[in-house]
């Protein structure tokens, strides 16, 4: 398939440029419910690929409090891609990615810890290309659509309320990437980090922040060559118990901007009492 090879070229070009962690929560969005479900849908504009609407990457997520400050968190990723081809016409592909399962511990009032992994249950095959579109399009959670890799993440988040409706959230963690292929290679380690500022006024909450990942185990290149950063602006509103919102994400590194222009997303948070 011509389109599959074009996307594979982009995927290989961005393989060393993926960022952020295996976490079920998109750190760049406003805080998700302590108990509830949320859905994210993102469409990405590529520079060299005609991926049109309704091509989107989806994450269906939820959090359930357990006991003694522990909560279970899960997500199921899904990708749909449709590509315009002047010769073959429109082609489409769908793929379920690797589900995330994790535990969060609210250790202190402003500090939480998480430990989680993605299960290698990707439904992609040799004919699908939705997984590769998602891999290039969503650098926040690339492991959701990778094959033969089991990512394990340990991280801490600090969230502090400030006067006048402002708040700040910082995250740091380490992700181990374990190769499960027949030609298994040594595990890689990545350092994940992010900082988000938030503002709440009445039913509206907004967030502006940036995230990055540094592949600390890489033997080649300096920090700039082995890291990638993204920024995002998001806003949502409380409509009687549900919070619909929109987000705009842009790459900060020039090399990745040669592949991806921006990503526009919508999301819905549903707290459960």
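Residue numbers (my numbering): -17 to 255.
Heads up, the beta-carbon is just placed ideally off N, CA and C, and yes, glycines get one too.
Computed from a prediction, not measured in an experiment: that's the story for all the values here.
Where does residue i fall in DSSP's three states?
i: residue 237; result: helix
i: residue 206; result: helix
i: residue 111; result: coil
i: residue 127; result: coil
i: residue 51; result: coil
i: residue 146; result: helix
i: residue 9; result: coil
i: residue 169; result: coil
i: residue 186; result: strand
Sort out for me which residues DSSP pairs residue i with in a bridge.
i: residue 175; result: 154, 194
i: residue 38; result: 62
i: residue 135; result: 98, 157
i: residue 226; result: 250
Examine chain B for any beta-carbon lying closer than 9 Å to the beta-carbon of residue i, and answer yes or no.
i: residue 22; result: The question asks about chain B, but that chain is absent: this structure has only one protein chain.
Tell me the rounded alpha-carbon separation between residue i and residue j.
i: residue -14; j: residue 181; result: For residue -14, the predicted model reports a pLDDT of 49, less than 50, meaning its position is unreliable; a value from the coordinates is still stated below. C-alpha separation (whole angstroms): 42 Å.
i: residue 127; j: residue 59; result: 8 Å
i: residue 178; j: residue 53; result: 22 Å
i: residue 224; j: residue 204; result: 44 Å
i: residue 220; j: residue 185; result: 5 Å
i: residue 100; j: residue 148; result: 33 Å
i: residue 97; j: residue 86; result: 7 Å
i: residue 158; j: residue 226; result: 33 Å
i: residue 169; j: residue 196; result: 15 Å
i: residue 109; j: residue 50; result: 46 Å
Considering only their Cβ atoms, is the gap separating residue j from residue i smaller than 9 Å?
i: residue 138; j: residue 93; result: yes
i: residue 230; j: residue 214; result: yes
i: residue 135; j: residue 155; result: yes
i: residue 119; j: residue 21; result: no
What does the Cβ neighbour count give for residue i, buried or exposed, with the cut at 16 atoms within 10 Å?
i: residue 228; result: exposed
i: residue 43; result: buried
i: residue 218; result: buried
i: residue 216; result: buried
i: residue 91; result: exposed
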